[in-house]
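*Asks:* Below is the structure I would like to discuss, written out as C-alpha cells.
Protein chains: 4
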Amino acid sequence: MKKQRTVKERLQHIIFDYNTVPAKMFDLVLIAAIILSVTVVMLDSVGWIHEGYGGVLYAVEWFFTVLFTMEYALRLYASKTRLKYVTSFYGIIDFLAILPTYFSLFFPGTQYLLVIRFFRVLRIFRLLKLMKFVSEGEMVIASLRASFRKIFVFWFFIIVLVSIIGALMYLIEGEENGFHSIPEGVYWAIVTVTTVGFGDISPQTTVGRALASLLMITGYSVIAVPTGIVSVEMAVMNKKMNTDLPRRDQCCSDVRHDEDAKYCKVCGQPLD
Amino acid sequence: MKKQRTVKERLQHIIFDYNTVPAKMFDLVLIAAIILSVTVVMLDSVGWIHEGYGGVLYAVEWFFTVLFTMEYALRLYASKTRLKYVTSFYGIIDFLAILPTYFSLFFPGTQYLLVIRFFRVLRIFRLLKLMKFVSEGEMVIASLRASFRKIFVFWFFIIVLVSIIGALMYLIEGEENGFHSIPEGVYWAIVTVTTVGFGDISPQTTVGRALASLLMITGYSVIAVPTGIVSVEMAVMNKKMNTDLPRRDQCCSDVRHDEDAKYCKVCGQPLD
Amino acid sequence: MKKQRTVKERLQHIIFDYNTVPAKMFDLVLIAAIILSVTVVMLDSVGWIHEGYGGVLYAVEWFFTVLFTMEYALRLYASKTRLKYVTSFYGIIDFLAILPTYFSLFFPGTQYLLVIRFFRVLRIFRLLKLMKFVSEGEMVIASLRASFRKIFVFWFFIIVLVSIIGALMYLIEGEENGFHSIPEGVYWAIVTVTTVGFGDISPQTTVGRALASLLMITGYSVIAVPTGIVSVEMAVMNKKMNTDLPRRDQCCSDVRHDEDAKYCKVCGQPLD
Amino acid sequence: MKKQRTVKERLQHIIFDYNTVPAKMFDLVLIAAIILSVTVVMLDSVGWIHEGYGGVLYAVEWFFTVLFTMEYALRLYASKTRLKYVTSFYGIIDFLAILPTYFSLFFPGTQYLLVIRFFRVLRIFRLLKLMKFVSEGEMVIASLRASFRKIFVFWFFIIVLVSIIGALMYLIEGEENGFHSIPEGVYWAIVTVTTVGFGDISPQTTVGRALASLLMITGYSVIAVPTGIVSVEMAVMNKKMNTDLPRRDQCCSDVRHDEDAKYCKVCGQPLD
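Chains A, B, C and D supply the protein sequences, listed in that same order.
Its first residue numbered 105, the first sequence is counted upward by one per residue in my numbering.
Its first residue numbered 105, the second sequence is counted upward by one per residue in my numbering.
Its first residue numbered 105, the third sequence is counted upward by one per residue in my numbering.
Its first residue numbered 105, the fourth sequence is counted upward by one per residue in my numbering.
Okay, here's the thing in C-alpha cells:
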C-alpha cells in the first residue's frame, strides 16, 4: 500500500520535499514565520516600541524560538542522513537561528543576532524554483561566479590603490583634518572610490583635495570595470541559455550515460 | 453628411483621439495647464513666495482645479464607456488630481498632494507617439519589464543582505554612534550599499568601519548586476527591433536609386 | 607664383587651417594661452593668492584679454565669410571670452566669467583630429546622440518621479527636518536618486526614511537604464565603425555621385 | 654537470624565475613579508597602538627594512643586467620601498611612505600567472588600455565641464555658502558629478541648487559613458579570447569520448 507511510516518512515528505502541496504549504508557513520573527526582533530594537510593547514582543520572540526549536528537532528526527543535514549550510543556519534567544538569557543584547534567521528565508528559492523564477536567479549567480576571478583581480588592484592613497592622505591632511591614522585614511579612500562619500571625513587642504579629485575621477572610470565584466558574462550566459534552453532539462534523462560521466554528453549539463 | 456630428462626437474626437489637429491642440494645452498648475503648487510651498503671492497662487490653484473639474465632467460626458474610463489608470489619476484642492478646504496642507497631477503629464506619451519618440520609450519599458524577474531576485538578495548588516551595525556601533535601532541600521545599510551615503549616520568604531568597507566594496560590484541585466535586455531588444523594422524611413522607396546603389542617397540607410 | 600670397591669405592659412605646420603651431600656442589664462582667473579667486599676487594676476589677465582681442580682430579681418564666423559657435565663444575683463571695469566680479574661455579649448579637437583621436571622440558623441531620445524619455520619467517624491517628503518630513518647500524636496530627491547624497538635508522620520529607502533602491536599478542605453549604442557604433572603417574615407571621392545625392551611394556616408 | 651551478646562478633561479618550487616559495615568502610590513606601518599610525606597542613596531619596521635591503642587494648581485634591473619598474619600486625607514631617521613622519612597499605586491601577478588568474587580469588591463583613448576624450570633456560649473557656482553661491574660490567650486563639481557627494560643501541658494540638479542629472547620464566604453571593449576582448583559445582545459583530449559525444564528459566543454 503506497499510502501506508510511517509518520517519519510523511514528515520527510512535508519537510524536505518541495513539489507536493503539503510541502509547499509547510515552506510558505515557515517563510512567513521567519519574516514575522525577524520583524519582531527589529521592532524590539526601536526604543519607544520596546518600552511600550517590550513584554509582548519578548513573548512572541520566545514563541517563535520554541517553534523553530521544535521544527529543528523534527528535521533532525525526519532526516535520513542526520549528520549530513546537521553539517549542511541550511542545517547550520537552522541551528544558529535558534541559539540567540537562549543565549540572551545569559548575555543580554545577543537576541539581536536573531536576524541571522533571515538567512533561512533563502529557502524561498526552493519555492521560487517551482515558480520558474529560478533560472533568473541562477543566471545572476552564474554570471557573478563566472566574473569572480576578474572581479578578484580588480579588488586586489583596488585594495593596493586605496592603501597607498589612504597613507598619502594621512600624511597630507593629518590628524587636525580628521585623518587620525592610515587605516582611517584607507577607510576614507574606500568611501570615496566607491562613490559613497559619507562626508564624516573629508579633505580640507588644497593638495588633499587635488588628490581626492584624482581618486574620484579615476574611481569614476574604475566603477566601469566590474559593470563591464558582469555585463559581458551576462550577455554570454544569456546567449548560452537561449541556445540551450530547449534541451536543457530533457536530454540528460533520455540519453544513456557512461557510469563515469559527470556531464551529459549531449548538452554538457552536469549530471547528479 | 460626414460633417454633421453631434457635440458629443466632436468632444470624443478632441478629447480621446490624438491624431487630428484639434485633438493634438487639446492635449498640448492640457499638458501646459498641468505643468503650470503643478508649478504653482510647488511655488506656493516656498515660504517667502507664499507670504508675498499666496493670495494670487491660491486663486490660480482654484482656477486650475475648476478647469480640471470641468474637463473631468466633459470626459465623463463624452466617454462611450463611462465605467471603463472611471476605473482606468488615467480615469483614476484624473479624479485624484482634482480632489486635493477641495479637501484642503477641510484639511489644510493637503493641497500639496496636488502634485499627483503630474502623473497626468504621462499623457504626453500619447503625443510623443506621433513624434516617433514612442519606440524609444517602449524599448526602455520593455527592457525593464524583461529584466524585472532578475532584478526581483536581486532585490530579494539586497534586502536579506542589508537586514543582516543593519542588525550587526546596531550591535557593533550602538546608540552612542547614531545607530538607535535595527531599522535605522538597515536604513544606513541601504544608504551605503546604493552608494548614496548621506553621512547623517556613519560608523565610528574600527569594527564598524571594517564592516562598512566590506559592504561598500561588495556594493560596488553588486551595482554591476542590474546594470548588466538591463544592458543585456536592451541589446536583445535592440537587435529584435532592428530586425522587425528593416527600414525606418520611407524615403528609400519613394526615391529612384541607381542600380548599383547600396545605400539610399537621400537618407543614407542601406538598401536591400 | 604660388608663394606670392597676400598677408590676408597667409593669415587665413595660419588661423583657419589646421593641417600645416604654422597652423598647428598657432593652435597649440593658442590652447596653451587659453589654459594659462583660465588658470590665472581660477588662482585669482583664491583669497590668499589674490592678496599676495592680485596685482600681477590682474596684469596677466589684461595681457591675455588684449591678446585674445587682437586675435579676434585678426580672425575677423582674415575671415572670408565674416558674418558666418561671427555667428558661428566658435565665433560667439571667441567674442564672449574677451568680454568679461572689459565688463569687470564696470561690474566687479564679472571677470570670473572668463572661465567661459575654457570652451575655446574645444578647438583642441581640431588638433586631435590630426592625432587620430577624433574617431574616439566622434564615437562617444555619436553614441550619446543616438541615445539622446531614449535618455530624454528617461529624464522625463525621472522628473515626474522626483517631483512626486519631493512633494511627499515635504508633507512627511516638514520644515522642522529641513524640507522647507516642495522645490527643496525635489532637490533632495534628485540628490538622492542620482546617488550623490550630500547629506545637508536628510529624512529623520521613520516614514520619510522608508520612502527614501524605496527611492534609493529604485534609483539603484534606474541608474542601470542610461548605462544600458549608451552601452548598446556604443556596441552598435563599434560594430559599424569596424565594418565601415576600410572604405570610410576613400569610396566617396572615387565614386561618381548624382548631383542631388546627399549621401554616398556606396558607403552611406554623408557627402559635403 | 647540470647541478654544478654557482651560488649566483642559484640565486638567479630563486629570485628572478617563477616556475620552479624554490622560486615560488621565495615569492610567496616575499609577498607575505611585504603585506606584514605594510600592516605594521598602518597599525603604527593608529594613536593608541603607537603608544602601547610603538617600540615593538619600530623594531619590526627596521627588521623588515634590513631584510628588504638585503634582498635588494641580493637582487643587484644576482641580476645579469644590473642597470636594466635598477631602472626597471620593479627595480625602482624595490629601491623606493626601503628608503623611507632610513629617511625617517632624519625626517620623522616619512616612514609612512613605506606603504609604497605595497606596490611590490604587484609581483603577485607573476604567481597568479601560474594559477591561471593571469588571463583574467590581462583581459581587464587590455580592455582598459583599449578604452584609454575614448576615456581620455571623456575626461577632457569632464574637466572643461567641471571648470565652468565650478566658476559659476563660485559666482552664484559665494564665500558665505562655503564656495571660497573657483578651485573649491571645481572640487565641489568633481565631488558632485562623480556622485560621491561628501556634503562638506553644498549649495544653499535656489539658483545654485538648480544648477547642481542639472549637473547631477547630467552626471547621471555621463556616468554611463565610461561604463559603455569598457563594456564594449570587454565584449570585443571576450569574443577574441574565446576565438583564440578554442579549448581551455586539456582533459578533453586526454579522455576517450564516445563517437556521438558533443560535450566532454569530464569537464562539460564542447568538443569539435
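Note that CB positions come from ideal geometry on N, CA and C, so glycine has one too.
From ILE135 of chain A to VAL257 of chain B, what distance separates their C-alpha atoms?
*Replies:* About 16 Å.
*Asks:* I believe HIS117 of chain A touches THR110 of chain A by the beta-carbon criterion, under 8 Å. Please report the beta-carbon distance rounded to the nearest angstrom.
*Replies:* Contact doesn't hold; Cβ gap of about 11 Å is too wide.
*Asks:* Assuming VAL266 of chain D contacts THR296 of chain A (C-beta within less than 8 Å), just tell me the rounded distance between them.
*Replies:* Between THR296 of chain A and VAL266 of chain D the Cβ distance is about 16 Å, and since that is not below 8 Å, they are no contact.
*Asks:* When we look at the beta-carbon of GLN308 of chain B and count the other beta-carbons within 10 Å, is it buried (16 or more) or exposed?
*Replies:* Per the 10 Å Cβ criterion, exposed.
*Asks:* Just the chain D side, please: which residues come within less than 7 Å of PRO204 of chain A by C-beta, in chain order?
*Replies:* Near PRO204 of chain A there are no residues of chain D at all, since even the closest Cβ is about 31 Å away, more than 7 Å.
*Asks:* For ILE245 of chain B and VAL225 of chain B, what's the separation of their Cα atoms in angstroms?
*Replies:* About 17 Å.
*Asks:* What residue does the alpha helix (DSSP H) around LEU318 of chain B start on, and which one ends it?
*Replies:* Element bounds for LEU318 of chain B: 310–326.
*Asks:* Work out the CA separation of VAL219 of chain D and GLY282 of chain C for me, nearest whole Å.
*Replies:* Roughly 43 Å separates the two Cα atoms.
*Asks:* For ARG249 of chain A, count neighbouring Cβ atoms within 10 angstroms of its own Cβ and tell me buried if that reaches 16, exposed if not.
*Replies:* By the neighbour-count rule (16 or more Cβ atoms within 10 Å), ARG249 of chain A is not buried but exposed.
*Asks:* Taking all protein chains shown into account, do 16 or more other C-beta atoms lie within 10 angstroms of the C-beta of ILE196 of chain B, making it buried, or fewer, making it exposed?
*Replies:* The residue is exposed, with fewer than 16 neighbouring Cβ atoms inside 10 Å.
*Asks:* Pairing CB atoms from the segment 161–170 of chain C with CB atoms from the segment 181–191 of chain C, are three or more of them under 8 Å?
*Replies:* No, the segment 161–170 of chain C is not in contact with the segment 181–191 of chain C.
*Asks:* Ends of the alpha helix (DSSP H) at LYS112 of chain B?
*Replies:* Run containing LYS112 of chain B: 111–120, per the alpha helix (DSSP H) assignment.
*Asks:* Does the Cβ-Cβ distance between GLY270 of chain C and ASP304 of chain B come in under 8 Å?
*Replies:* Taking 8 Å as the Cβ cut-off, GLY270 of chain C and ASP304 of chain B do not qualify as a contacting pair.
*Asks:* Under three-state DSSP, which class holds ARG352 of chain B?
*Replies:* With a pLDDT of only 41 at ARG352 of chain B, under the threshold of 50, the placement of this residue in the model should not be trusted, and no figure is reported.
*Asks:* Determine the chain A residues that contact GLY151 of chain C at a beta-carbon separation under 7 Å, and present them in chain order.
*Replies:* Residues of chain A passing the Cβ test: none, with the nearest at roughly 12 Å.
*Asks:* In its own chain, which residues sit with a C-beta less than 8 Å from the C-beta of GLY312 of chain A, not counting the 5 before and 5 after it?
*Replies:* MET273, ILE276, GLU277 and ASN281, listed in sequence order.
*Asks:* For the putative contact between ILE333 of chain D and LYS254 of chain D, defined by C-beta atoms under 8 Å, what is the C-beta separation to the nearest angstrom?
*Replies:* The pair is a contact, with the Cβ atoms about 5 Å apart (cut-off 8 Å).
*Asks:* By a C-beta neighbour count over all protein chains shown, 10 Å radius and 16 as the cutoff for buried, is THR205 of chain A buried or exposed?
*Replies:* Classification of THR205 of chain A: buried, given that the 10 Å Cβ count is 16 or more.
*Asks:* Take TYR162 of chain A as the anchor and find which of A:TYR194, A:THR143 and A:MET174 has the nearest alpha-carbon.
*Replies:* Comparing Cα-Cα distances from TYR162 of chain A to each of A:TYR194, A:THR143 and A:MET174, the minimum goes to A:THR143.
*Asks:* For SER335 of chain A versus SER141 of chain B, is the C-beta distance shorter than 8 Å?
*Replies:* The answer is no: Cβ separation not under 8 Å.
*Asks:* Taking the Cβ atom as the reference point for each residue, do TYR181 of chain D and ILE202 of chain D lie within a distance shorter than 8 Å?
*Replies:* Going by C-beta atoms, TYR181 of chain D is not nearer than 8 Å to ILE202 of chain D.
*Asks:* Does the beta carbon of SER247 of chain A sit closer than 8 Å to a beta carbon anywhere in chain B?
*Replies:* Yes, contact with chain B.
*Asks:* Quick one: list the residues of chain C neighbouring SER335 of chain A, beta-carbon separation under 8 Å, in chain order.
*Replies:* Correct list: SER335.
*Asks:* Starting from the C-beta of ALA127 of chain B, find all residues in its chain whose C-beta is less than 7 Å away, skip the five residues before and the five after it, and write them out in chain order.
*Replies:* These residues qualify, in order along the chain: HIS117, ILE118 and ASP121.
*Asks:* Any Cβ of chain B within less than 8 Å of the Cβ of VAL111 of chain D?
*Replies:* Not closer than 8 Å to any Cβ of chain B, the Cβ of VAL111 of chain D fails to qualify, so no.
*Asks:* Check the Cβ of THR331 of chain C against every Cβ in chain B and list those closer than 9 Å, keeping chain order.
*Replies:* Going along chain B in sequence order, the residues near THR331 of chain C (Cβ under 9 Å) are THR331, VAL334 and SER335.
*Asks:* Taking only the alpha-carbon atoms, compute the straight-line gap between MET105 of chain C and ASP131 of chain C and give it to the nearest angstrom.
*Replies:* Any reading at MET105 of chain C must be qualified, since the residue scores a pLDDT of 44, below 50, and its modelled position is unreliable; the value itself is stated next. Looking at the two C-alpha atoms, the distance is approximately 28 Å.
*Asks:* Run down chain A in chain order and give the residues with a C-beta less than 7 Å from the C-beta of MET146 of chain D.
*Replies:* Residues of chain A passing the Cβ test: ILE286 and PRO287.
*Asks:* Step through the CB atoms of chain B and report whether any lies within less than 8 Å of the CB of TYR324 of chain C.
*Replies:* Yes, its Cβ sits closer than 8 Å to a Cβ of chain B.
*Asks:* With a Cβ-Cβ cutoff of 8 Å, do TYR324 of chain D and THR298 of chain C count as a contact?
*Replies:* Their beta carbons are under 8 Å apart, which means TYR324 of chain D touches THR298 of chain C by this criterion.
*Asks:* Does the distance from the C-beta atom of VAL377 of chain D to that of ILE286 of chain A stay below 8 Å?
*Replies:* Limits of chain D in this structure are 105 at one end and 376 at the other, which puts residue 377 of chain D out of reach.
*Asks:* Hey, quick one: how far does the alpha helix (DSSP H) through ALA201 of chain A stretch, first residue to last?
*Replies:* Neither: ALA201 of chain A is in no alpha helix (DSSP H) and is coded neither H nor E.
*Asks:* So MET338 of chain A contacts chain D; which residues on that side make the cut at Cβ distance below 7 Å?
*Replies:* None at all; the shortest Cβ gap to chain D is about 10 Å.
*Asks:* Say whether chain A places a C-beta atom closer than 8 Å to the C-beta of VAL257 of chain D.
*Replies:* No, VAL257 of chain D lies away from the interface with chain A (no Cβ there is under 8 Å from its Cβ).
*Asks:* Under a CB-based cut-off of 8 Å, is GLY312 of chain A close to chain C?
*Replies:* With 8 Å as the cut-off, GLY312 of chain A does not count as an interface residue toward chain C.
*Asks:* Strictly under 8 Å for the Cβ-Cβ distance: is VAL160 of chain A near chain B by that measure?
*Replies:* Judged by the 8 Å Cβ criterion, VAL160 of chain A is not in contact with chain B.
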